[in-house]
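The block underneath contains the structure these notes are about, expressed in structure tokens.
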Amino acid sequence: RLSLSLRCMQLAEVTAVHDKLNLAAVTPAEVTGAMAQIQAMWPPQGDLVVEVNPGKDWSRVCLPRHLGRADIDITANVHEGINVIRFVQLQRLDDYVFVVLA
């Protein structure tokens, strides 16, 4: 079974890792591995609410108190077909990157 998680990373760290890679010489797996080494860092509490498949029986709402330094496991909240991850921004979040990891 596939395991899925949601990670937030600071844009500066993603950019630094990206800039160190020679994208013409590395494989997609190497890029993925390098990016996976970046620690999760969510915005300060009160800046973001995350909803996975809102309105569905298997939905999940991640309130600010759920967002810290760890990935969010969304395996049980994603089903076959169309899925939605909604980011409700309460502050500017242009310093962050959000990725789904499988």
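According to this note's numbering, the sequence shown is numbered sequentially starting from 716.
For each residue, glycine too, the CB sits at the ideal point set by N, CA and C.
Measure how close the beta-carbons of R722 and A749 come, nearest whole angstrom, since I'm counting them as under 8 Å.
-> In the sequence shown, the residue the question calls residue 722 occupies position 7. In the sequence shown, the residue the question calls residue 749 occupies position 34. No, R722 and A749 are not in contact; Cβ-Cβ is about 14 Å, not under 8 Å.
Can you tell me which of the three DSSP states M756 falls into?
-> Residue 756 sits at position 41 when you count from the first residue of the sequence shown. Coil at M756, not helix or strand.
Just how far apart, CA to CA, sit P743 and P779?
-> Residue numbering aside, residue 743 sits at position 28 when the sequence shown is read from its first letter. Residue numbering aside, residue 779 sits at position 64 when the sequence shown is read from its first letter. When rounded, the distance between both Cα atoms is 33 Å.
What did DSSP end up calling V746 once you bin it into helix, strand or coil?
-> Sequence index remark: in the sequence shown, residue 746 carries index 31 (1-based). Of the three classes helix, strand and coil, the one that applies to V746 here is helix, per DSSP.
Is the beta carbon of V765 sitting closer than 7 Å to the one on F802?
-> What you label residue 765 is simply residue 50 of the sequence shown in a count that begins at 1. What you label residue 802 is simply residue 87 of the sequence shown in a count that begins at 1. Contact: yes.
First and last residue of the alpha helix (DSSP H) that includes V799?
-> The residue labelled residue 799 in the question sits at position 84 within the sequence shown. No alpha helix (DSSP H) holds V799; DSSP gives it neither H nor E.
What span of residues does the alpha helix (DSSP H) with I721 cover, start to end?
-> Numbered from 1 along the sequence shown, position 6 holds the residue referred to as residue 721. Per the sequence presented here, residue 721 reads as Leu, with Ile not at that position. Not the alpha helix (DSSP H): L721 falls in the beta strand (DSSP E), residues 720-725.
Pair within 7 Å by beta-carbon distance, V767 and N792 = Translated into the one-based positions of the sequence shown, residue 767 becomes position 52. Translated into the one-based positions of the sequence shown, residue 792 becomes position 77. Contact: yes.
Could you check where the beta strand (DSSP E) with L717 kicks off and where it finishes?
-> For the purposes of this step, residue 717 is taken as the residue at position 2 of the sequence shown. L717 -> no beta strand (DSSP E), and no H or E assigned at all.
Cβ-based burial, L763 [other Cβ within 10 Å; buried from 16] = Counting from one through the sequence shown, the residue named residue 763 turns up at place 48. Flag for L763 reads buried.
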